[in-house]
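Q:
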Amino acid sequence: MSSPKRRPLIAGNWKMNLSLAQSVELAKAIKDGTKNSPADVAVCVPFTAIPVVAEVLKGSQVRLGGQDLYWEAQGAYTGEISAGQLVDAGASTVIIGHSERRRLFNETDEAVQKKLKSALAAKLVPIVCVGETLDERQTQKTWRVLETQMVGALRGFKPEELGPVIIAYEPVWAIGTGQTATPTQAQEAHNFLRKQAGKIVGEAFSSSVRILYGGSVTAENVDTLMAQPDVDGALVGGASLKAPSFVRIANFQVPVRGA
Ligand code: PGA
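Per my numbering: the sequence shown = residues 351 to 609.
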């Protein structure tokens, strides 16, 4: 179980799914089903769904986020959405550097850092994703890749600026594949990332930063993942699209130590 200093967070990433009507229905069910969750709960929804989901979640414990942003405040950037626009639409958090954006839309570490800077300036809680591909894992490059992505995102900030930042460890080979990292693999990577956070930013950040696991998290495997000391929550894709599975994940149960 993660340190009591770090309140767990279970975040859903709806990706490019659901109509507005389905979004409203799912948000309602999540709001009702997570009232007594031991964690903070968030849903990161398509841009177009943010205002309607914001309406549903008003006054509730569930936070609302976007899945990306562009770092400029406004201007001639066809198709992009700024941090200020996300806030205006009702979001309070945002995913940055998801592997699908890195892989399919050529997002670089430099872009991730610019996005992080603009999210922080707009007071959005950034969820920064890092993770290695299967090839990188099989060729023993995991630690080098994670280090490069962490340095790329976090270098150059003052420690106090990074207070709100959340990290998500998302091994690319586990995303949408049904192949989850084992609890031991997740713990090992999270512990490595926490040490990196210490080296790059400092000790206070390292012990307080929440590190979520993402990659085929389900109602069936969440409890053992959440039992790991450096796993502070989950970023959930596929299983966040159905209320029963996401609600169960948000109400994860960790065995009491020593019991
Ligand atoms: P998944 O996606 O749970 O469907 O594997 C996780 C993510 O991409 O955030």
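Using N, Cα and C, we set each Cβ at its ideal position, and we do this for glycine too.
Report all residues from its chain with a CB closer than 6 Å to the CB of H448; omit the five preceding and five following residues, and keep chain order.
A: Counted from its first residue, the sequence shown places residue 448 at position 98. Answer for H448: C479, listed in chain order.
Q: Along the chain, which unbroken stretches of the beta strand (DSSP E) at least 3 residues long are found entirely within the segment 491-562?
A: 516-519
Q: How long is the line joining the alpha carbons of A609 and V559, rounded to whole angstroms?
A: Along the sequence shown, one-based indexing puts residue 609 at 259. Along the sequence shown, one-based indexing puts residue 559 at 209. Only weak support is given to the placement of A609: the predicted model assigns it a pLDDT of 46, under 50, and the value that follows is read from those uncertain coordinates. Answer to the nearest angstrom: the Cα atoms are 28 Å apart.
Q: Can you check DSSP and say which residues form a bridge with T428?
A: Reading the sequence shown from its first residue, position 78 is the one you call residue 428. Partner(s): none; T428 has no beta bridge.
Q: Quick one: grab the DSSP three-state call for V586.
A: Numbered from its first residue, the sequence shown carries residue 586 at position 236. DSSP, read as helix, strand or coil, puts V586 in strand.
Q: Which residue marks the beginning of the alpha helix (DSSP H) containing P594, and which one marks its end?
A: As a position in the sequence shown, residue 594 is number 244, starting the count at 1. Counting along the chain, the alpha helix (DSSP H) containing P594 begins and ends at A593 to A600.
Q: Within the chosen definition, does the segment 377-388 reach the segment 586-606 through at least 3 CB pairs nearer than 8 Å?
A: yes
Q: Any heavy atom of ligand 1 closer than 7 Å to the Cβ of H540?
A: Here residue 540 is taken as the residue at index 190 of the sequence shown, counted from 1. Flag unset: Cβ of H540 not near ligand 1.
Q: Report buried or exposed for D418, applying the criterion of at least 16 other Cβ atoms within 10 angstroms of its Cβ.
A: Here residue 418 refers to the residue found at position 68 of the sequence shown. That one is buried.
Q: In chain order, which continuous runs of the alpha helix (DSSP H) of length 4 or greater are located wholly inside the segment 388-434?
A: Runs of the alpha helix (DSSP H) inside the segment 388-434: 400-407.
Q: Taking only the alpha-carbon atoms, compute the straight-line gap between K508 and G552 and give it to the nearest angstrom.
A: As a working note, residue 508 is residue 158 in the sequence shown. As a working note, residue 552 is residue 202 in the sequence shown. Cα to Cα, K508 sits roughly 10 Å from G552.
Q: Could you tell me the alpha carbon to alpha carbon distance between L591 and I360, rounded to whole angstroms?
A: Taking the first residue of the sequence shown as position 1, residue 591 is located at position 241. Taking the first residue of the sequence shown as position 1, residue 360 is located at position 10. Linking L591 to I360 through their CA atoms gives a straight-line distance of about 13 Å.
Q: Please list the terminal residues of the continuous alpha helix (DSSP H) segment that includes A461.
A: Here residue 461 corresponds to residue number 111 of the sequence shown, with the count starting at 1. Where A461 is concerned, the enclosing alpha helix (DSSP H) stretches over D459 to A471.
Q: With a 10 Å radius around its C-beta and 16 neighbouring C-beta atoms as the bar for buried, classify R487 as buried or exposed.
A: Position 137 of the sequence shown, counted from the start, is the residue given in the question as residue 487. Buried, because 16 or more other Cβ atoms sit within 10 Å of the Cβ of R487.
Q: L370: buried (16+ other C-beta within 10 angstroms of its C-beta) or exposed?
A: Indexing the sequence shown from 1 puts residue 370 at position 20. Looking at its Cβ environment, which holds fewer than 16 other Cβ atoms inside 10 Å, L370 is exposed.
Q: Taking contact to mean 3 or more Cβ pairs, one atom from each stretch, closer than 8 Å, check whether the segment 425-438 and the segment 446-462 are in contact.
A: Segments in contact, no.
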